[in-house]
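Trainee:
In UniProt numbering, the protein residues as written are 1 to 150.
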């Protein structure tokens, strides 16, 4: 199987597992088997990072999901992607204790009060670095989750 086919196989699998999250488990991630939870977390990261960037990803899924995803990236040896999302989270952490925050989606509203223009530019640059697909997460995930089952 060629690498592009492997990427596609994992992408299809991640859609299947994410669909299962809702159809079988009523959206309750913690009720899924651990490996399937990990696949959903990878799907969340990839979908949101390529759609709206780290702010969208973090605001949609929260800190606990971020921590779990960080652990998954470590296991996959997706070190560049791990470094990117860790640096992004460190920038968002500057606003997280703001008393005005009532939901995670308040972060973008107040983030500018905490970040310098250079930090704002860095956050944008980090999204762009992720979009360059530095670790090929889909391929790494194929090898980790699917290769032994093919």
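Cβ atoms here follow ideal geometry from the backbone N, Cα and C, with glycine treated the same way.
Quick check on residue 150: does DSSP put it in helix, strand or coil?
Mentor: As a first step, residue 150 is located in the chain shown; it is residue number 150 there, counting from the start. Residue confidence is low: residue 150 scores 47 on pLDDT, short of 50, so the model does not pin down where it sits. No coordinate-derived value is stated.
Trainee: Are the beta-carbon atoms belonging to residue 56 and residue 64 less than 7 Å from one another?
Mentor: In the chain shown, residue 56 corresponds to position 56, counting from 1. In the chain shown, residue 64 corresponds to position 64, counting from 1. Going by C-beta atoms, residue 56 is not nearer than 7 Å to residue 64.
Trainee: Does DSSP put residue 71 in a helix, in a strand, or in coil?
Mentor: Working through the chain shown from its first residue, we reach residue 71 at position 71. Reduced to three states, the DSSP call for residue 71 is helix.
Trainee: Given a threshold of 16 other Cβ atoms within 10 Å of its Cβ, counted over all protein chains shown, does residue 71 qualify as buried or as exposed?
Mentor: What you label residue 71 is simply residue 71 of the chain shown in a count that begins at 1. Burial state of residue 71 is exposed, judged by a 10 Å Cβ sphere holding fewer than 16 other Cβ atoms.
Trainee: Quick one: using the 10 Å Cβ neighbour count with 16 as the cut-off for buried, is residue 131 buried or exposed?
Mentor: The residue you call residue 131 lines up with position 131 of the chain shown. Looking at its Cβ environment, which holds fewer than 16 other Cβ atoms inside 10 Å, residue 131 is exposed.
Trainee: Kindly list the residues whose CB is nearer than 8 Å to the CB of residue 101, restricted to its own chain and excluding five residues on each side of it in sequence; keep chain order.
Mentor: Position 101 of the chain shown, counted from the start, is the residue given in the question as residue 101. Correct list, in chain order: 95, 107 and 110.
Trainee: On a CA-only basis, which of 137, 97 and 91 is nearest residue 80? Give me that one, please.
Mentor: What you label residue 80 is simply residue 80 of the chain shown in a count that begins at 1. Here the closest residue by C-alpha is 137.
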